[in-house]
Amino acid sequence: MSEKADRFRDYDITTRAVHTGNDYDKETGAVRRPLHMANSYKLPDDLSKVNYSSTDLLFYSRNGNPNQHWLEEKVASLYGAKDTIILASGVGALHALFWTLLKTGDHVVYPKVSYMAVYRLFHELFNRKFGVKTEMADMTDLEAVKKAITPGTRLVHIETPDNPTNHVSDIAEIARIAHENGALLSVDNTFASPYNQHPLELGADFVVDSLTKFVNGHGDAQGGAIISNDIETMERIRYEAQVNVGAVISPFNAWQIFRGAVTFPLRMDRINKSTQKIAEWLETRENVTFVSYPGLKSNKGHELAARQMTNGFGGVISFGLRADDKKVEQFCAKLRVVTFAVSLGHDESLIFPQPSYDERIGLYPEEFRKGFIRFSVGLEEPDDIIADLDQALKAVGL
Ligand SMILES: *Cc1c(COP(=O)(O)O)cnc(C)c1O
């Protein structure tokens with residue numbers, strides 16, 4: 006897919022989420038586009054012009070499938086972007102982007118606090134296997150970012166807010182620093198989601214979003230997106246990574262995420278409000294040692310977040326309990342409404358402790374090293390969630 010006209014470009018995000026990518030089914034007139042569970046498509050009679058490594062022609066589902074393409078239109082529209090590539094997971098999307106952009110000898114600056122797979126890719130894999138030079142920086146500190154950049158820096162990658170500490174970094178300033186030094190900026194926007202934050206408008210070159218989380222929102226399908234206005238590089242990602250590494254999304258998962266995305270703006274609006282309320286409640290609790298949520302006035306990234314997150318502050322709260330690992334687990338196990346499981350952005354609230362023996366705990370600020378919990382707020386009534394947290398805190402003597 007190259008740039009496609011979005012008929013709903015001038016409408017609100019709620020209208021775009023409903024309509025973009027959908028159309029009457031040509032064969033039956035059905036008001037939903039069908040699910041095409043086919044590996045292969047009829048070849049043209051003249052094969053001389055077929056390029057089997059390209060994604061221009063529908064002929065094999067790894068090179069592209071209609072459900073993937075329709076979801077690409079919808080996600081591009083949510084981001085107001087020219088192009089989107091949908092792959093099998095958020096990590097598949099991150100890998101495809103890094104693998105296409107970087108080569109031996111290139112330098113990349115990546116966050117001190119990031120999603121686990123980004124840490125693995127740059128701390129252990131790209132450097133040791135491919136000779137990419139990788140350097141960590143505290144992305145909340147612009148001086149540290151400047152210092153980490155070298156003449157060979159090809160890419161700066163950030164996450165804002167970051168997983169799992171929920172800290173905010175300055176997209177526009179980091180884009181400026183990267184570009185001044187001849188580097189590109191990619192932003193993992195999963196925590197913020199396209200309802201709250203548009204990194205391309207702030208100067209980022211690429212956005213990655215794990216659709217597994219808020220955009221699908223139902224905890225039943227995995228997918229990831231790369232979003233950009235750089236059509237030429239996007240075509241390279243399709244050719245080099247989608248076709249030849251192979252992490253394309255299955256038509257069924259694309260169909261499910263397409264359906265989930267229809268209600269995404271409505272869910273995110275509610276989640277923003279519920280999360281703010283719950284974060285403010287947590288702040289009043291004596292045995293809560295810290296609450297990291299960019300919507301809180303007490304948060305050191307609040308002003309920056311208020312500038313670059315235009316509709317709200319997202320659905321994740323990172324907080325600490327005055328408790329050891331065992332007591333934190335007991336607290337999580339006592340919850341009745343909130344589900345004790347990894348992931349985030351589902352319809353149900355999810356809680357996940359970050360144990361003090363995590364190998365990266367030393368990279369987090371001091372207060373995060375004990376009793377640290379990542380909490381993803383779902384669609385339940387916020388007062389029910391608060392009551393549930395309250396009973397579980399009491400049950401473990403907090
Ligand atoms: C979950 C997540 C990912 C990875 O997405 P998957 O779909 O699980 O591969 C990447 N970045 C962030 C910030 C995430 O929360």
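Our numbering puts the sequence shown at residues 6 to 403.
Where is the CB? At the ideal position from N, CA and C, for every residue including glycine.
Everything numeric in this text was worked out from a predicted model, so none of it was measured.
Would you say residue i touches ligand 2, meaning its beta carbon is less than 7 Å from a heavy atom?
{"i": "Tyr120", "result": "Ligand 2 is absent from the structure shown, which contains only ligand 1."}
Please indicate yes or no: does the CB of residue i lie closer than 7 Å to some heavy atom of ligand 1?
{"i": "Ser215", "result": "yes"}
{"i": "Val96", "result": "yes"}
{"i": "Asp363", "result": "no"}
{"i": "Lys117", "result": "no"}
{"i": "Gly229", "result": "yes"}
{"i": "Asn171", "result": "no"}
{"i": "Thr195", "result": "yes"}
{"i": "Lys218", "result": "yes"}
{"i": "Leu147", "result": "no"}
{"i": "Asn168", "result": "yes"}
{"i": "Leu349", "result": "yes"}
{"i": "Glu164", "result": "yes"}
What do you get for residue i, buried or exposed, if any count of 16 or more other CB atoms within 10 angstroms of its CB means buried?
{"i": "Ala142", "result": "buried"}
{"i": "Pro49", "result": "exposed"}
{"i": "Gln396", "result": "exposed"}
{"i": "Ala93", "result": "buried"}
{"i": "Thr60", "result": "buried"}
{"i": "Ile236", "result": "exposed"}
{"i": "Pro156", "result": "exposed"}
{"i": "Leu102", "result": "buried"}
{"i": "Glu8", "result": "Because Glu8 sits at a pLDDT of 47, beneath the cut-off of 50, its placement in the model cannot be relied upon, and the following sentence gives the value as read from the coordinates. Classification for Glu8: exposed."}
{"i": "Ser198", "result": "buried"}
{"i": "Arg324", "result": "The amino acid at residue 324 is misidentified as Arg; the sequence shows Phe. The residue in question, Phe324, is buried, as its Cβ has 16 or more Cβ neighbours within 10 Å."}
{"i": "Ala35", "result": "exposed"}
{"i": "Glu371", "result": "exposed"}
{"i": "Asn44", "result": "exposed"}
{"i": "Asn249", "result": "exposed"}
{"i": "Tyr29", "result": "exposed"}
{"i": "Met6", "result": "Per-residue confidence for Met6 stands at a pLDDT of 41, beneath the threshold of 50, marking its modelled position as unreliable; the derived number appears in the next sentence. Looking at its Cβ environment, which holds 16 or more other Cβ atoms inside 10 Å, Met6 is buried."}
{"i": "Ser53", "result": "exposed"}
If contacts are defined as beta-carbon pairs under 8 Å, then residue i and residue j qualify, I think. What distance do you get, rounded to the angstrom?
{"i": "Asp167", "j": "Pro116", "result": "6 Å"}
{"i": "Gly208", "j": "Ala177", "result": "5 Å"}
{"i": "Glu385", "j": "Val342", "result": "6 Å"}
{"i": "Asp210", "j": "Ser233", "result": "6 Å"}
{"i": "Asn194", "j": "Gly319", "result": "About 10 Å; that fails the 8 Å criterion."}
{"i": "Leu205", "j": "Tyr84", "result": "7 Å"}
>> Pairs of beta-carbons, one from the stretch 235-245 and one from the stretch 277-284, closer than 8 Å: are there three or more?
In response: Segments in contact, no.
>> Can you confirm whether the stretch 343-359 touches the stretch 370-387 when touching is taken to mean that 3 or more C-beta pairs between the two stretches lie within less than 8 Å?
In response: Note that the stretch 370-387 touches the stretch 343-359; at least 3 beta-carbon pairs, one per stretch, sit closer than 8 Å.
> What are the start and end residues of each continuous beta strand (DSSP E) run of 3 or more residues lying completely inside the stretch 161-222, in chain order?
Replying inline: Counting only runs of 3 or more residues that sit fully inside the stretch 161-222, the beta strand (DSSP E) segments are 189-193 and 211-215, in chain order.
> Taking one C-beta from the stretch 9-24 and one from the stretch 262-271 each time, how about it: are there three or more such pairs within less than 8 Å?
Replying inline: Contact holds between the stretch 9-24 and the stretch 262-271, because three or more Cβ pairs, one in each stretch, are under 8 Å apart.
> What are the complete beta strand (DSSP E) segments, minimum 3 residues, inside the stretch 290-344?
Replying inline: Assignment of beta strand (DSSP E) within the stretch 290-344, counting only whole runs of 3 or more residues, yields 293-297 and 321-326 in chain order.
> Would you say the stretch 323-338 touches the stretch 364-378, given that touching needs at least three Cβ pairs under 8 Å?
Replying inline: Because the criterion of three Cβ pairs below 8 Å is met, the stretch 323-338 and the stretch 364-378 touch.
> Which full runs of the beta strand (DSSP E) of 3+ residues lie inside the stretch 89-125, going along the chain?
Replying inline: Under the rule that a run must span 3 or more residues, the beta strand (DSSP E) segments found entirely inside the stretch 89-125 read 112-116.
> Are the stretch 71-89 and the stretch 218-230 touching by the rule of at least three beta carbon pairs closer than 8 Å?
Replying inline: For the pair of segments examined, the stretch 71-89 was found to touch the stretch 218-230: the number of CB pairs separated by less than 8 Å reaches three.
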